[in-house]
Amino acid sequence: MPDSQPQPPSSGPSGSSGSSGSSGDDGDASALLLCGARLTDGRTVDVRLGSGRIEAVGTAGSLTAHGTRVDLGGYLLLPAAAEPHAHSDTALSADAEGPVAYEVADVQRRTTEAALLQLGHGATALRSHVRIGDVPGLTSMEAVLQARRSLRGLVDLAAVAVPRLLTGVAGADGLAMLRDAVKMGASVVGGCPDLDPDPTGYVEAVLEVAAEHGCPVDLHTDGSDPARLGRLAAMAGGLRPGVTIGPCGGLGRLPSDVAGRTAEQLAAAGVTVVCLPQGGCGSVERRGAVAPVRLLRAAGVRVAAGSGAMRDVSNPVGRGDPLEAAYLLASRCGLRPEEAYGAVSSAARAAMGLAQVRVEAGFPAELLAVRGDHLAGALSLAYSRIVVHRGRVVARTSAVREYCDSAAAVALDLPRQGRANGSGPGRAKGAEPS
């Protein structure tokens, strides 16, 4: 008998504020049966998907297929990851000769390629911070919104409007452009108050525009000024649908008692912190500085993790891989694997205003299958991945590992990852794809 029959979806944000479409009701109507997947609790199950949701979860072999079957034997099945802090407009520009191009076609191409790379890693929803004003004007926003439309059905992409200045005479144009960006389709308002001559005034302006349009807020800040964070928390407390800040690496450089009091203020105001374990982005974050994740969590702050720069001048080797962010949270910040993965999945989705995902009937069919049998191993060697968005497989990555024939390899019975048909030079029989 199935372990999990259809139930009403859990209550929570609908996702309309943080994504370009619904949370799955308009997904692909064809049915899909995921067979023999392992869950983090050790069970091996079949999972039936339909109309963009999980229809049923049952013990392996208990569910009948009325659509396509996908064999997930040897895979760990997880809620899909989400990317709460991308920079699509500058992604993949590190190797560009001369200044970065901001023509619509250039930005749209970079945005699309970056989004597909991150989808392949397992992120089925992305929030991209897009600079407006200065050289790009509203061109980058136009390009990202065009990319969002072209990616519909593959990955959900939300755009954050990021003006440089919002106060004084110089900020008047930025404020007008921020409102124009929201009218164009930016679903989140943000920016970097640290770069404005009047950081508090900048935050006030952003919150005002957000309140006018009912938008969430997502602000860049180093977090090194506790008084400024305290004022932000006081102003943000009543705003719905919510306020997110990050990367906040400077918060970790403060004395622990000061950082602790600041974290309590953020928790009381319901402010989410998105950290960047893979490194900072732009000029607001020192390279290698990461927010004090354990201190924030202990104070009750929701902490999500993002990737930040993806192969731009801020981080020429940025991968945009949520599982790498989770790996770094576990290896550098001391989180348990379940906590670390939660930061890039459930916490990231909540920060983006998206519906909760569990591998249970009734929840959105946003799933990631990773080769492995437990979460710690998946974070360590997460090579092969199968990504499900709105109930259908949208990306698949298969890695092959081969060893030459040797007595040592045979004697140790080393785990092998290779081609399913057993072909290939030096392949021992029985090797499986990673």
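Note that my numbering gives residue 336 to position 112 of the sequence shown, counting from 1, and the numbers run on in steps of one. By construction, the Cβ of each residue, glycine as well, lies at the ideal position given by its N, Cα and C atoms. Predicted model, so just to flag it, every value in this text is computed and none were measured.
| Query | Result |
| --- | --- |
| Taking the C-alpha atoms as reference points, what is the distance between TYR565 and HIS290? | 32 Å |
| When you compare the CB positions of ALA305 and GLY544, do they come within less than 8 Å of one another, or not? | no |
| For a quick check, are the C-beta atoms of ARG272 and ALA280 less than 8 Å apart? | yes |
| Tell me whether the beta-carbon of THR445 lies closer than 8 Å to the beta-carbon of ASP418. | yes |
| Kindly identify the DSSP beta-bridge partner or partners of GLY503. | Paired residue(s): none; GLY503 is not in a bridge. |
| Pull up the DSSP beta-bridge partners for LEU263, would you. | Its beta-bridge partners do not exist; DSSP assigns none. |
| What residues match up with ALA593 in a beta bridge as DSSP calls it? | LEU301, ILE610 |
| Does DSSP classify ALA437 as helix, strand or coil? | It should be noted that the sequence gives His, not Ala, for residue 437. Correct three-state label for HIS437: helix. |
| Who are the near neighbours of ALA434 in its chain, counting only those whose CB is closer than 6 Å to its CB and skipping five residues on each side? | VAL413, VAL441 |
| Can you name, in chain order, every residue of its own chain whose Cβ lies under 8 Å from the Cβ of VAL581, other than the five neighbours on each side? | PRO303, ALA304, SER569, SER570, ARG573, PHE587, PRO588, GLU590, LEU591 |
| With contact counted as at least three CB pairs below 8 Å, one residue from each stretch, are the stretch 325 to 335 and the stretch 362 to 375 in contact? | yes |
| Using the DSSP secondary-structure output, state which residues sit across from THR496 in a beta bridge. | THR468 |
| Roughly how far, in whole angstroms, is the beta-carbon of LEU490 from the beta-carbon of VAL525, given that I think they are within contact range, below 8 Å? | 5 Å |
| Mapping the DSSP letters down to three states, classify ALA284 as helix, strand or coil. | coil |
| Hey, out of ARG351, LEU340, CYS472, LEU605, whose CA is closest to GLY577's CA? | ARG351 |
| Using 10 angstroms around the beta-carbon of GLN502, count the other beta-carbons present and answer buried if the total reaches 16, otherwise exposed. | buried |
| DSSP three-state label for ALA528, please. | strand |
| Would you decide whether GLY322 is buried or exposed? Buried here means 16 or more other CB atoms lie within 10 Å of its CB. | exposed |
| By DSSP, does PRO423 sit in helix, in strand, or in coil? | helix |
| Which of the three DSSP states, helix, strand or coil, is assigned to ALA253? | Because ALA253 carries a pLDDT of 48, less than 50, the predicted location of this residue cannot be relied on, and the following value inherits that uncertainty. Correct three-state label for ALA253: coil. |
| Buried or exposed: which applies to CYS505, given that a residue is buried once 16 or more other Cβ atoms fall within 10 Å of its Cβ? | buried |
| Would the stretch 446 to 454 count as touching the stretch 612 to 629 if we require 3 or more Cβ pairs under 8 Å? | no |
| For THR621, I'd like the list of residues in its chain whose CB is within less than 7 Å of its CB, leaving aside the five on either flank, ordered along the chain. | GLY344, SER608, ARG609 |
| So, is HIS353 buried or exposed, given that buried needs 16 or more other C-beta atoms within 10 angstroms? | buried |
| Check whether the stretch 476 to 491 and the stretch 453 to 464 are in contact - that is, three or more C-beta pairs closer than 8 Å. | yes |
| Look at the alpha carbon of SER531 and the alpha carbon of LEU258, and state the distance between them as a whole number of angstroms. | 29 Å |
| Rounded to whole angstroms, what's the CA-CA distance from TYR426 to LEU402? Just pull it up for me. | 12 Å |
| How far does the beta strand (DSSP E) with LEU350 in it reach, from first residue to last? | 347 to 356 |
| Could you check whether VAL368 and THR314 sit closer than 8 Å to each other, using their CB atoms as the reference points? | no |
| How many angstroms separate the CA atom of ARG464 from the CA atom of ARG595? | 39 Å |
| Where does ASP330 sit, in a helix, a strand or coil, going by DSSP? | helix |
| Taking the C-alpha atoms as reference points, what is the distance between ARG521 and GLY558? | 12 Å |
| Check whether the Cβ atoms of LEU443 and GLY415 sit closer than 8 Å, and answer yes or no. | yes |
| Can you check the stretch 545 to 585 for any alpha helix (DSSP H) of at least 4 residues that lies completely inside it and give the ranges in chain order? | 546 to 556, 561 to 568, 570 to 575 |
| Quick one: using the 10 Å Cβ neighbour count with 16 as the cut-off for buried, is VAL386 buried or exposed? | buried |
| Closer than 7 Å by C-beta to LEU375: which residues in its own chain qualify, once you throw out the five before and the five after it? Chain order, please. | THR336, ALA339, LEU381 |
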